[in-house]
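K.L.:
Structure incoming, see below.
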Amino acid sequence: MKFDFGHEIVLPSVPIDVAFERLTSASYVEQVVRLSDLADEFELISNEGDVIRYQFVENISMMGGLIKKRLPIIVKQTRDRNKMTLLYESDVDKGTVTIIKCRSFTPTEDGGTLVSETVDGECPMLYQPITKRQGHNALIEGMNKYPTLFKEFYI
Numbered sequence: 000m001k002f003d004f005g006h007e008i009v010l011p012s013v014p015i016d017v018a019f020e021r022l023t024s025a026s027y028v029e030q031v032v033r034l035s036d037l038a039d040e041f042e043l044i045s046n047e048g049d050v051i052r053y054q055f056v057e058n059i060s061m062m063g064g065l066i067k068k069r070l071p072i073i074v075k076q077t078r079d080r081n082k083m084t085l086l087y088e089s090d091v092d093k094g095t096v097t098i099i100k101c102r103s104f105t106p107t108e109d110g111g112t113l114v115s116e117t118v119d120g121e122c123p124m125l126y127q128p129i130t131k132r133q134g135h136n137a138l139i140e141g142m143n144k145y146p147t148l149f150k151e152f153y154i
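In terms of numbering that gives the first Met the number 0, the sequence shown has 15 at position 16, counting the first letter as 1, and numbering is strictly consecutive.
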C-alpha cells in the first residue's frame, strides 16, 4: 500500500548554501540521520560527491510497544546543487518498505532557509499504520531538530 506525508521548517538566519551543505553532504549525513530517535548503527557505505550510500537501523515499536523490531535501511542519497534538492531513496527491511524522500531548500526573505520534505513510499498493509504514524512523527521530530545543526546562527 502507498503512503505519503511531508513537513517543512524555517531555519531563520541560516543562509541557503549553509543549510544545503549540512543537510545533504556526506560530512553531516550521520548527524542528520541520528536526529531521529529511531535511528541506530549508522555506516557510510560510499561517498561519490553528490551521491552517497549509507545504511542504518531503525528501532520501531509494534502493537503498542509489545513488539520491538529493528529495521535495516539502505539509502542512496543524491543531491542537486543547481535545483537545491536532495533525493533520498531507501530500501527498508530487504525491500519490504520502499521510501522516496525529496528535500528542497528555498531562501526566505530574511536570509534564512525554508526546508521542505515530502515522503512517498510503499509497504505491506500490515506496516501501513506504523509507517504512516511513526514515519510521519519521526520526520517532524527530526526536522524540528535541524536547528541544532546550526547553533552558531542562534547564539
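From the three backbone atoms N, C-alpha and C, an ideal C-beta is built for every residue, glycine too. All values reported here derive from a predicted model rather than from experimental measurement.
So, with DSSP's three-state summary, where would you put TYR27?
P.N.:
Coil at TYR27, not helix or strand.
K.L.:
Between LYS144 and the ligand NAP, is the CB less than 8 Å from at least one heavy atom?
P.N.:
Only the bare structure without any ligand can be found here, which leaves the ligand NAP out of the picture.
K.L.:
Given that a residue counts as buried once 16 or more other Cβ atoms are within 10 Å of its Cβ, and exposed if not, what is THR95?
P.N.:
When all chains shown are included, THR95 counts as exposed.
K.L.:
Could you check what DSSP says for TYR153 in three-state terms: helix, strand or coil?
P.N.:
TYR153: coil per DSSP, three-state reduction.
K.L.:
When you compare only the Cα positions, how much space is there between GLY111 and PHE55?
P.N.:
Approximately 30 Å, taken between the alpha carbons.
K.L.:
Terminal residues of the continuous beta strand (DSSP E) containing GLU140?
P.N.:
Looking at the DSSP string, GLU140 is not in any beta strand (DSSP E); the run it does join, the alpha helix (DSSP H), is 127-143.
K.L.:
Would you tell me roughly how many angstroms separate the C-alpha atoms of GLY5 and ALA137, rounded to the nearest one?
P.N.:
C-alpha separation (whole angstroms): 11 Å.
K.L.:
From GLU108 to PRO14, what does the alpha carbon distance come to, in whole angstroms?
P.N.:
Cα-Cα distance, rounded: 11 Å.
K.L.:
Specify the secondary structure class of VAL32 as computed by DSSP and reduced to three states.
P.N.:
Looking at VAL32 - three-state DSSP - the assignment turns out to be helix.
K.L.:
Cβ atoms of GLN76 and THR117: under 9 Å apart, would you say?
P.N.:
No, Cβ-Cβ distance for THR117 and GLN76 is not below 9 Å.
K.L.:
Please determine, among ASN46, PRO128, SER115 and ASP39, the residue with the shortest C-alpha to C-alpha distance to ALA25.
P.N.:
Comparing Cα-Cα distances from ALA25 to each of ASN46, PRO128, SER115 and ASP39, the minimum goes to ASN46.
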